[in-house]
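Under full-length UniProt numbering, the residue at position 138 of the sequence shown is numbered 138, and the numbers go up by one with no gaps.
To keep things clear, I will list the structure first and then write my remarks on it.
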Amino acid sequence: MGKRLTQKAIIDTLKREGKTQKEISERIGCSQSAVSRHLSGKSVGRKKCGKKRCTTRRGDRTLRKIVEKDRFQTLGDLRKQWTESGVETSRATVHRRVLLNQKQRQKRLTWATEKQHWTVAQWSKVLFSDESKFCMSFGNQGARVWRKTGEKQMPKCLKSSVKYPQSVMVWGAMSAAGVGPLCFIKGRVNAASYQEIFGALHASIC
C-alpha cells in the first residue's frame, strides 16, 4: 500500500480507541486488508511491487551526455545512441530519464496517490483530452529541445524559425467508453471553442 508514517500512526491510534479494521479503513481511505497487514506486522519487510528499474545511474549519465551533444535530437535518435552504448530500453524510458526532475516526479506521485482507490465507476466519468498544434515547419513554437531550467537562452538550445508558418490546431479526447473524433480548431482554444467542441462530441464517449 505504501502507507506514510502518519497513516500508520493513525491506524495505531484508532485501534487503541477500539475501532474495527473496517472502520479504520473507511476512516483513512485504504483497504481493510492493508490495515490488517499493518496491525499484524505482515507489511514489514514486504518485497517492493512494480517493475524493476531497467537503467543504472551510470547509464542515465551517459544519456545526458548524448543529449548535450545535440539538444534537438528526437526520442528515436536518443534511444538508438543509448542502445549503442550498451543500454537496452524503450522510448518511454528515454523520455522519463531526460525530462522528469524530482519536483515533477513528486507531482505525479501525489496525483496517483490521491486517486489510487478510485473505482471503475469513478474513472468512467473522466474524459481525457488534449490539443496540439502541427506546423509545416518548426513555426512559432520553435523546435523541440532538451534543456534544463535556466538554459532557455543558451546558444546550443536555440534554433532559427519561421515567424508565421502554416499550421493546424487539433483536439482529441477519450474516455472509458471509447475514443472521440479529431476536432480541427480555428483560432484560439478558449471557452467558446470548447463549448463548440463538446457540443460536437458523440454522446457515446461522454
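All C-beta atoms in this analysis are idealised placements derived from N, C-alpha and C, irrespective of residue type, glycine included.
Note that the structure is a prediction, hence the values are computed from the model and not measured.
Practice item. Ignore the nearest five residues each way along the sequence and tell me which others in Gln32's own chain have a CB closer than 6 Å to its CB. Key: Counting from 1 along the sequence shown, the entry for residue 32 is found at position 32. Cβ contact annotation for Gln32 (same chain, cutoff 6 Å, sequence separation greater than five): Gln21, Lys22, Ser25, in chain order.
Check your understanding: Going by DSSP, which residues form a beta bridge with Asp130?
Key -> Position 130 of the sequence shown, counting from 1, holds the residue named residue 130. Bridge pairing for Asp130: Gly172 [DSSP].
Exercise for review: State whether the stretch 113-131 contacts the stretch 175-187, with contact taken as three or more CB pairs (one from each stretch) at a distance under 8 Å.
Suggested key: With a cut-off of 8 Å, the stretch 175-187 and the stretch 113-131 count as touching, because enough Cβ pairs lie within range.
Point to revise | Euclidean distance between Cα positions of Leu14 and Thr110 | key: In the sequence shown, residue 14 corresponds to position 14, counting from 1. In the sequence shown, residue 110 corresponds to position 110, counting from 1. Answer to the nearest angstrom: the Cα atoms are 25 Å apart.
Practice item. Report the residue from Lys156, Thr149, Leu39, Leu201 whose alpha carbon sits nearest the alpha carbon of Gln104. Key: The count along the sequence shown starts at 1 and reaches residue 104 at position 104. Minimum Cα distance to Gln104 is reached at Thr149.
Practice item. Have a look at Arg79 and His38 and give me their C-alpha separation to the nearest angstrom. Key: For the purposes of this step, residue 79 is taken as residue 79 along the sequence shown, with counting starting at 1. For the purposes of this step, residue 38 is taken as residue 38 along the sequence shown, with counting starting at 1. Computed Cα separation, rounded: 42 Å.
Review point. If you follow the alpha helix (DSSP H) that Ile66 is part of, which residue opens it and which one closes it?
Key: What you label residue 66 is simply residue 66 of the sequence shown in a count that begins at 1. 57-69 is the span of the alpha helix (DSSP H), which, as asked, contains Ile66.
Check your understanding: Considering only residues of the UniProt domain "HTH cro/C1-type" (10-43), which uninterrupted alpha helix (DSSP H) runs meet the minimum length of 4 residues and lie entirely inside it, listed in chain order?
Key -> Secondary structure remark: continuous alpha helix (DSSP H) runs of at least 4 residues inside the UniProt domain "HTH cro/C1-type" (10-43), in chain order: 21-28, 32-40.
Point to revise | Buried or exposed (CB count within 10 angstroms, at least 16 for buried), Gln141 | key: As a working mapping, residue 141 is identified with position 141 in the sequence shown. Any answer about Gln141 is weak, because its pLDDT of 49 lies below 50 and its placement is not dependable; what the coordinates show is given next. Its Cβ having fewer than 16 others within 10 Å, Gln141 is exposed.
**Study point:** Through-space distance from Ser85 to Ser36, alpha-carbon basis
**Key:** The residue labelled residue 36 in the question sits at position 36 within the sequence shown. The residue labelled residue 85 in the question sits at position 85 within the sequence shown. So the alpha carbons of these two residues sit roughly 47 Å apart.
**Study point:** Sub-8 Å separation of Ala176 and Ser124 beta-carbons
**Key:** Against the sequence shown, residue 176 aligns to sequence position 176. Against the sequence shown, residue 124 aligns to sequence position 124. Cβ atoms of Ala176 and Ser124: closer than 8 Å.
Practice item. Less than 8 Å between the CB atoms is what I'm expecting for Trp146 and Arg71, so what's the real figure, rounded? Key: As a working mapping, residue 146 is identified with position 146 in the sequence shown. As a working mapping, residue 71 is identified with position 71 in the sequence shown. Indeed, because the Cβ distance is near 5 Å, the residues count as touching under 8 Å.
Check your understanding: How many Å lie between Gly178 and Ser193 at the Cα?
Key -> Start at 1 with the first residue of the sequence shown, and residue 178 comes out as number 178. Start at 1 with the first residue of the sequence shown, and residue 193 comes out as number 193. Answer to the nearest angstrom: the Cα atoms are 22 Å apart.
Review point. Whose CA, out of Gln195, Met154, Cys135, lies closest to the CA of Gln166?
Key: Taking the sequence shown and counting its residues from 1, the one referred to as residue 166 is at position 166. That would be Cys135, whose Cα lies nearest to the Cα of Gln166.
Check your understanding: Between Leu75 and Thr55, what straight-line distance do the alpha-carbon atoms span, to the nearest angstrom?
Key -> Numbered from its first residue, the sequence shown carries residue 75 at position 75. Numbered from its first residue, the sequence shown carries residue 55 at position 55. Spanning the two alpha carbons is a distance of roughly 16 Å.
Review point. By Cβ distance, which residues of its chain are closer than 7 Å to Ile66, with the 5 residues on each side in sequence left out?
Key: On the sequence shown, position 66 is the one that residue 66 refers to. Contacts found: Leu78, Gln81, Trp82.
Check your understanding: How is the beta strand (DSSP E) around Ile205 delimited, first residue to last?
Key -> Counting from 1 along the sequence shown, the entry for residue 205 is found at position 205. Boundaries cannot be given for Ile205, as no beta strand (DSSP E) includes it and DSSP labels it neither H nor E.
Review point. Who pairs with Val179 in a beta bridge, going by DSSP?
Key: For the purposes of this step, residue 179 is identified with residue 179 of the sequence shown, where counting begins at 1. Assignment of beta-bridge partners to Val179 by DSSP yields Met174.
Exercise for review: Closer than 6 Å by C-beta to Ile10: which residues in its own chain qualify, once you throw out the five before and the five after it? Chain order, please.
Suggested key: Residue numbering aside, residue 10 sits at position 10 when the sequence shown is read from its first letter. Ile28.
Review point. Exposed or buried, which one is Gly180 when buried takes at least 16 other CB atoms within 10 Å?
Key: In the sequence shown, residue 180 corresponds to position 180, counting from 1. Label assigned to Gly180: buried.
Exercise for review: Counting only the same chain and skipping the five closest in sequence on each side, list residues whose C-beta sits under 8 Å from that of Lys19.
Suggested key: The residue labelled residue 19 in the question sits at position 19 within the sequence shown. So the list reads Arg27, once near-sequence residues are dropped.
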